[in-house]
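Engineer:
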Amino acid sequence: IAPCYSNAVVHVHDASKSVGVANSLMSETLKGAFLQDVDKEFERLRNLHYKTHSDSKIIPLSEARKNKLKVDWAQVTVKKPSFIGNRSFTDFPMEEIAAFIDWTPFFHTWELKGSYPKIFDDPQRGVEAKKLFNDAQEMLNKIMQEKWITANAVIGFYPANANTEDDILIYADDQQKNLKTTLRTLRQQTLKPKGHFNLALADFVAPADSGKVDYVGGFAVTTGIGIEKWIEKFDKDFDDYSSIMLKALADRLAEAFAELMHLKVRKELWGYANTEALSREELIKEKYQGIRPAQGYPACPDHTEKLTQFELFEVEKNTGITLTESMAMYPTSSVSGMYFSHPFSQYFGLGKINKEQLEDYARRKGQDLSIIERWLSPVLI
Numbered sequence: 056i057a058p059c060y061s062n063a064v065v066h067v068h069d070a071s072k073s074v075g076v077a078n079s080l081m082s083e084t085l086k087g088a089f090l091q092d093v094d095k096e097f098e099r100l101r102n103l104h105y106k107t108h109s110d111s112k113i114i115p116l117s118e119a120r121k122n123k124l125k126v127d128w129a130q131v132t133v134k135k136p137s138f139i140g141n142r143s144f145t146d147f148p149m150e151e152i153a154a155f156i157d158w159t160p161f162f163h164t165w166e167l168k169g170s171y172p173k174i175f176d177d178p179q180r181g182v183e184a185k186k187l188f189n190d191a192q193e194m195l196n197k198i199m200q201e202k203w204i205t206a207n208a209v210i211g212f213y214p215a216n217a218n219t220e221d222d223i224l225i226y227a228d229d230q231q232k233n234l235k236t237t238l239r240t241l242r243q244q245t246l247k248p249k250g251h252f253n254l255a256l257a258d259f260v261a262p263a264d265s266g267k268v269d270y271v272g273g274f275a276v277t278t279g280i281g282i283e284k285w286i287e288k289f290d291k292d293f294d295d296y297s298s299i300m301l302k303a304l305a306d307r308l309a310e311a312f313a314e315l316m317h318l319k320v321r322k323e324l325w326g327y328a329n330t331e332a333l334s335r336e337e338l339i340k341e342k343y344q345g346i347r348p349a350q351g352y353p354a355c356p357d358h359t360e361k362l363t364q365f366e367l368f369e370v371e372k373n374t375g376i377t378l379t380e381s382m383a384m385y386p387t388s389s390v391s392g393m394y395f396s397h398p399f400s401q402y403f404g405l406g407k408i409n410k411e412q413l414e415d416y417a418r419r420k421g422q423d424l425s426i427i428e429r430w431l432s433p434v435l436i
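Be aware that the sequence shown starts at 56, since it is given in the numbering used here, and climbs by one per residue.
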């Protein structure tokens, strides 16, 4: 934006820093030097961005598909989930969820860089981090004891196969006579070194010509039901600290809920890793089998696919989560995504794609090219 605008353009990463930035912009003595530093940093970031993407060679979509992940599906064991369809979890015990909180990102919300619990020993940040943590524990206890917010979830499993166009075909049952819906995925198009593949999420599902019925899962969790009345109360009392604290805790609880449900999926509901015995640190480092990519993240940047997933898993009915026009989830303390079970499933970044794949994707989705172009603009060359 900055090169196209004559006045100041400043990106503030967190609300807690906005007051200091605003003061610098309003100060006659600080403004000049502050903006000079910002302009210099933005120029560095732009140059880095241009260099990174100009060095990447885009290959034709047909070549990318030929270089898909190589899997000998005849040797792959497919585990059938314990149920087909959707299952809801209403008013899930918050105490169970809280045990799965990853506290490191909580401190990052408050611009305190460091990992938990080592941050408490930091000579510069330790005292502030400990006070913040104690305040968080106090509010977390109130959340649980007084039931400030409610946690809901839905988990679903369906038979599936991949086609040759990077789509995942979802069926109502194992007979595969009733196509329930189709999930569209995108494929990496940058030239890969020898031995590396151009991945798409569809690679992690058995192809239709493999002769195997495979399965995919999906989920949506929220820990934000009922939060609004508390935010309104804190805002009315001009208690910004408590308002930010509650939002930060609700966000951490939502991520913890997603982690907890994924564990239940692996060990019980799908059961493909029923002997898993990982530590909390290993869970945080994602040492488990399978992945749970969320729409909008690097492997699947198209937020509109949430519409398909929300319909398939009946998310609004089962959890109370809705989608805004911009495809954001409400309540905001919510997480949704898909489950892939095979050990070769992996997280990856899509990278840049060209207009050829954009047009192919729009055709497959049956949507106007201009609409898809708007949603995928961040990944287009």
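Glycine included, each C-beta is placed from N, C-alpha and C at the ideal position.
Owing to the predicted nature of the structure, the values given are computational and were not obtained by experimental measurement.
Rounded to whole angstroms, what is the Cα-Cα separation between Val320 and Arg347?
Structural biologist: So the two alpha carbons sit approximately 11 Å from each other.
Engineer: According to DSSP, is Met316 part of a helix, a strand, or is it coil?
Structural biologist: Looking at Met316 - three-state DSSP - the assignment turns out to be helix.
Engineer: Between which two residues does the beta strand (DSSP E) containing Met393 stretch?
Structural biologist: Per DSSP, Met393 belongs to the beta strand (DSSP E) from Ser389 to Tyr394.
Engineer: Does Ser137 come out as helix, strand or coil in the three-state DSSP assignment?
Structural biologist: Coil, per DSSP.
Engineer: From the DSSP output, which residues share a beta bridge with Ala217?
Structural biologist: Answer by DSSP bridge pairing, in chain order: Ile223 and Pro262.
Engineer: His66: buried (16+ other C-beta within 10 angstroms of its C-beta) or exposed?
Structural biologist: Looking at its Cβ environment, which holds fewer than 16 other Cβ atoms inside 10 Å, His66 is exposed.
Engineer: Assign Met382 to one of three DSSP states: helix, strand, or coil.
Structural biologist: Looking at Met382 - three-state DSSP - the assignment turns out to be coil, as it is neither helix nor strand.
Engineer: Do you know offhand how far Leu246's Cα is from Asp94's?
Structural biologist: Approximately 33 Å between the Cα atoms of the pair.
Engineer: Closest to Phe403 by C-alpha separation, out of Asn122, Arg335 and Ala255, would be which residue?
Structural biologist: The shortest Cα separation from Phe403 among Asn122, Arg335 and Ala255 belongs to Ala255.
Engineer: Are the beta-carbon atoms belonging to Asp258 and Lys123 less than 7 Å from one another?
Structural biologist: Their beta carbons are under 7 Å apart, which means Asp258 touches Lys123 by this criterion.
Engineer: Would you say Thr278 and Ser388 are within 7 Å of each other, going by their C-beta atoms?
Structural biologist: Taking 7 Å as the Cβ cut-off, Thr278 and Ser388 qualify as a contacting pair.
Engineer: Quick check on the burial criterion: 16 or more other C-beta atoms within 10 angstroms. Buried or exposed for Ile225?
Structural biologist: Buried, by the Cβ-count rule.
Engineer: Distance check for Ser381 and Glu371, CA to CA, integer angstroms please.
Structural biologist: Straight-line Cα distance between these residues: approximately 16 Å.
Engineer: Would you say Val370 lies against chain B (beta-carbon separation less than 7 Å)?
Structural biologist: In the displayed structure, chain B is absent; only one protein chain is listed.
Engineer: Quick check on Arg101: buried or exposed, where buried means 16 or more other Cβ atoms within 10 Å of its Cβ?
Structural biologist: Exposed.
Engineer: Could you check whether Ile436 and Leu308 sit closer than 7 Å to each other, using their CB atoms as the reference points?
Structural biologist: Their beta carbons are not under 7 Å apart, which means Leu308 does not touch Ile436 by this criterion.
Engineer: Which residues does DSSP list as the beta-bridge partners of Cys355?
Structural biologist: Tyr352.
Engineer: Buried or exposed: which applies to Met81, given that a residue is buried once 16 or more other Cβ atoms fall within 10 Å of its Cβ?
Structural biologist: Label assigned to Met81: exposed.
Engineer: Considering only the alpha carbon of each residue, which of Glu360, Met393, Gly281 and Pro136 lies closest to Leu378?
Structural biologist: Looking at the Cα atoms, Glu360 is the closest of the given residues.
Engineer: Thinking just about the alpha-carbon of each residue, which of Asn373, Gly272, Ala313 and Glu323 is nearest to the one in Asp157?
Structural biologist: For the residues Asn373, Gly272, Ala313 and Glu323, the minimum Cα distance to Asp157 belongs to Ala313.
Engineer: What residue from Pro172, Gln130, Thr237 and Trp203 has the CA that sits closest to Ala217's CA?
Structural biologist: Of Pro172, Gln130, Thr237 and Trp203, the residue nearest in Cα terms is Thr237.
Engineer: Which partner residues of Leu234 appear in the DSSP bridge assignment?
Structural biologist: Beta-bridge pairing links Leu234 to Tyr226.
Engineer: Hey, how far is the Cα of Met300 from the Cα of Ser400?
Structural biologist: Taking the straight line joining both Cα atoms gives about 35 Å.
Engineer: With respect to the alpha helix (DSSP H) encompassing Phe289, which residues constitute its N-terminal and C-terminal limits?
Structural biologist: Taken as a continuous stretch (DSSP letters only), the alpha helix (DSSP H) holding Phe289 covers Ile282 to Lys291.
Engineer: If the criterion is Cβ atoms closer than 7 Å, does the pair Val445 and Ala215 meet it?
Structural biologist: Beyond the ends of the chain as shown, which are 56 and 436, falls residue 445; an answer cannot be given.
Engineer: With Leu324 and Ser143 assumed to form a contact (beta carbons below 8 Å), what rounded beta-carbon distance in angstroms separates them?
Structural biologist: About 13 Å separates the two Cβ atoms, so there is no contact after all.
Engineer: Mark Tyr416 as exposed unless 16 or more other C-beta atoms lie within 10 angstroms of its C-beta, in which case mark it buried.
Structural biologist: With 16 or more other Cβ atoms within 10 Å, it is buried.
Engineer: Counting C-beta neighbours from all protein chains within 10 Å, is the total for Val182 16 or more, i.e. buried, or is it exposed?
Structural biologist: So Val182 counts as exposed.
Engineer: As a quick exercise: from Glu337, Thr374 and Val276, pick the residue whose alpha carbon is nearest that of Ser391.
Structural biologist: Closest by alpha carbon: Val276.
Engineer: In whole angstroms, give me the CA-to-CA distance for Lys173 and Ser334.
Structural biologist: Going from the Cα of Lys173 to the Cα of Ser334 covers about 18 Å.
Engineer: Is the CB-CB distance between Phe368 and Gly211 below 7 Å?
Structural biologist: Against a cut-off of 7 Å, the Cβ pair of Gly211 and Phe368 comes out as a contact.
Engineer: Which same chain residues, not among the five before or five after Tyr11, have their C-beta less than 6 Å away from its C-beta?
Structural biologist: Given a span of 56 to 436 for the chain in the structure shown, any question on residue 11 remains unanswerable.
Engineer: For a test of the three-state rule: what should DSSP assign to Ala417, helix, strand or coil?
Structural biologist: Ala417 falls in the helix class under three-state DSSP.
Engineer: Using a threshold of 7 Å, state whether the C-beta atoms of Asn141 and Val209 are closer than that.
Structural biologist: A contact, by the Cβ cut-off of 7 Å.
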